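Take the sequence shown: its letter number 50 is residue 50 in UniProt numbering, and every next letter is one higher.
Glycine included, C-beta positions come from ideal geometry on N, C-alpha and C.
Just so it is clear, the structure is predicted and the values come from calculations on it, not from any experiment.
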Amino acid sequence: MFKSVAQVKRGSLPLVASLLLRSSSSRANNKGILANKVAVITGSTDGIGFAIARRLAQDGAHVVVSSRKQQNVDRAVAALQGEKLSVMGTVCHVGKAEDQERLVAKALEHCGAVDILVCVAGVNPLVGSTLGSSEQVWDKILSVNVKAPALLLSQLLPYMESRGEGSVVLISSIGVYLPEPKLGAYNVSKTAILGLTKTLSMELAPKNIRVNCLVPGLIDTPFSQVLIKDQDLQQTMKTAYKIQRIGRPEDCAGLVSFLCSPDASYITGENIVVAGFSPCL
Ligand SMILES: NC(=O)c1ccc[n+]([C@@H]2O[C@H](COP(=O)([O-])OP(=O)(O)OC[C@H]3O[C@@H](n4cnc5c(N)ncnc54)[C@H](OP(=O)(O)O)[C@@H]3O)[C@@H](O)[C@H]2O)c1
Numbered sequence: 001m002f003k004s005v006a007q008v009k010r011g012s013l014p015l016v017a018s019l020l021l022r023s024s025s026s027r028a029n030n031k032g033i034l035a036n037k038v039a040v041i042t043g044s045t046d047g048i049g050f051a052i053a054r055r056l057a058q059d060g061a062h063v064v065v066s067s068r069k070q071q072n073v074d075r076a077v078a079a080l081q082g083e084k085l086s087v088m089g090t091v092c093h094v095g096k097a098e099d100q101e102r103l104v105a106k107a108l109e110h111c112g113a114v115d116i117l118v119c120v121a122g123v124n125p126l127v128g129s130t131l132g133s134s135e136q137v138w139d140k141i142l143s144v145n146v147k148a149p150a151l152l153l154s155q156l157l158p159y160m161e162s163r164g165e166g167s168v169v170l171i172s173s174i175g176v177y178l179p180e181p182k183l184g185a186y187n188v189s190k191t192a193i194l195g196l197t198k199t200l201s202m203e204l205a206p207k208n209i210r211v212n213c214l215v216p217g218l219i220d221t222p223f224s225q226v227l228i229k230d231q232d233l234q235q236t237m238k239t240a241y242k243i244q245r246i247g248r249p250e251d252c253a254g255l256v257s258f259l260c261s262p263d264a265s266y267i268t269g270e271n272i273v274v275a276g277f278s279p280c281l
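Structure below.
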């Protein structure tokens, strides 16, 4: 049975959580490796985040999708609810404190608790070199890609802690292993995500909260079109790394579901590459 912080505190489920429980498909609530878990996912109205939202909901979680634009949130929620999945959404630009607060409040109001946080939102405002990045570019990249996941988690932590266990997945990039010179500052920010994963995994282990990291390779989304259209890069990937195809957002989703599931209960501090090849030993 889905048990919430609010239930523990007030003795009853929030109204919408009760409705979700009654109205959603049995697959969404009673079965699946994430049955009755509540998952908050940033940057989840398109691309990799949307695929993760769909997969976690298919695996039984109640999912809160979010991104900057209301119309994108509405479209994503309608699509997933149309598949009889237990999903609600709210606007959240992860770089804005007030939006983060609203995301936390909405998740608690609608679902009563949070078990899973997946921080997908990431930006790259400049296709250019590291030293060609202005202070403004650095501030935006570090704020959205690195600071935001840590600040959002710190807000959600008390609610995850009170559940007795939790799972966090951060998103890095293959660029940390094979830096693409055109994405200099972005690569640095995604390398910091590996550090954040390691640090948080140690910090939160005593609270039974696991922190792992998905490291996508080239995945076909709106975000990656600059690289996908680069014929030289495509050729290099085929010849040097033997890549047989470009990745799809769905290629990333199953791993995240696994990392959030009880099957991964002894896995923390890991980063796992999903790229059609491996740059690691
Ligand atoms: N695609 C790749 O090849 C690839 C490879 C390695 C790593 N990654 C990483 O994977 C993550 C997802 O990328 P993607 O390719 O799936 O991108 P995408 O298809 O462009 O989707 C980005 C999603 O994030 C939202 N978003 C953008 N900026 C946001 C912000 N500041 N706050 C909240 N939401 C925001 C967008 O919706 P709104 O416009 O409504 O905000 C959208 O839902 C990123 O962290 C990226 O760095 C991608």
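Taking only three categories from DSSP, how would you classify residue i?
i	result
CYS213	strand
CYS92	coil
ILE193	helix
ALA76	helix
VAL144	helix
SER24	Confidence at SER24 is low in this model, with a pLDDT of 39, below 50, so the placement of that residue is unreliable and no value is reported for it.
ALA150	helix
ILE174	helix
ILE52	helix
ASN187	helix
GLY32	coil
THR268	coil
GLY11	Its pLDDT being 34, under 50, GLY11 is placed unreliably in this model, and the value from its coordinates should be taken loosely. Correct three-state label for GLY11: coil.
VAL40	strand
CYS280	coil
VAL274	strand
SER134	coil
Is residue i close to ligand 1? I mean its beta-carbon at under 7 Å from any heavy atom of the ligand.
i	result
SER224	yes
ASP48	Note that residue 48 is Ile in the sequence shown, not Asp. Yes, the Cβ of ILE48 comes within 7 Å of a heavy atom of ligand 1.
ILE243	no
THR268	no
HIS110	no
ASN121	Correcting the residue type first, residue 121 is Ala in the shown sequence and not Asn. Yes - ligand 1 has a heavy atom lying nearer than 7 Å to the Cβ of ALA121.
ASN72	yes
GLY43	yes
THR221	yes
LEU218	yes
LYS69	yes
Sorted by chain position, which residues of the same chain lie with C-beta nearer than 6 Å to residue i's C-beta, five sequence neighbours on each side aside?
i	result
VAL38	HIS62, CYS111, ALA113, VAL114 and ASP115
SER167	ILE116, ARG210 and CYS260
PRO216	CYS252 and VAL274
PRO262	none
Within a Cβ cutoff of 8 Å, which residues of the same chain sit near residue i, ignoring the five residues on either side of it in sequence?
i	result
VAL8	Low confidence applies here, because VAL8 scores a pLDDT of 35, under 50, leaving its location unreliable and the question unanswered by this model.
ALA264	SER167, ARG210, ASN212 and PHE258
LEU103	VAL40, THR42, VAL64, SER66, THR90, CYS92 and LEU152
TRP138	ALA185
Taking 7 Å as the limit between beta carbons, can you name the residues of its chain near residue i, skipping five residues before and five after?
i	result
PHE223	GLY47
ARG22	Its pLDDT being 36, under 50, ARG22 is placed unreliably by the model, and the measurement read from it follows with that caveat. Once the five neighbours on either side are set aside, ARG22 has no close Cβ partner at all.
GLN81	VAL87
I believe residue i touches residue j by the beta-carbon criterion, under 8 Å. Please report the beta-carbon distance rounded to the nearest angstrom.
i	j	result
VAL120	GLY49	4 Å
residue 284	LYS198	In the structure as shown, the chain starts at 1 and stops at 281, and residue 284 therefore has no counterpart that could be examined.
ASN271	LEU194	6 Å
Any heavy atom of ligand 2 closer than 7 Å to the beta-carbon of residue i?
i	result
GLY60	Ligand 2 is not among the ligands present in this structure, which contains only ligand 1.
At least one CB of chain B closer than 8 Å to the CB of residue i: is that the case?
i	result
GLY60	Absence of chain B from the displayed structure is noted, only one protein chain being present.
Inter-stretch contact (C-beta, 8 Å, three-pair minimum) for the region 90-105 and the region 58-78: yes
Three-pair Cβ contact test at 8 Å for the region 170-184 versus the region 120-139: yes
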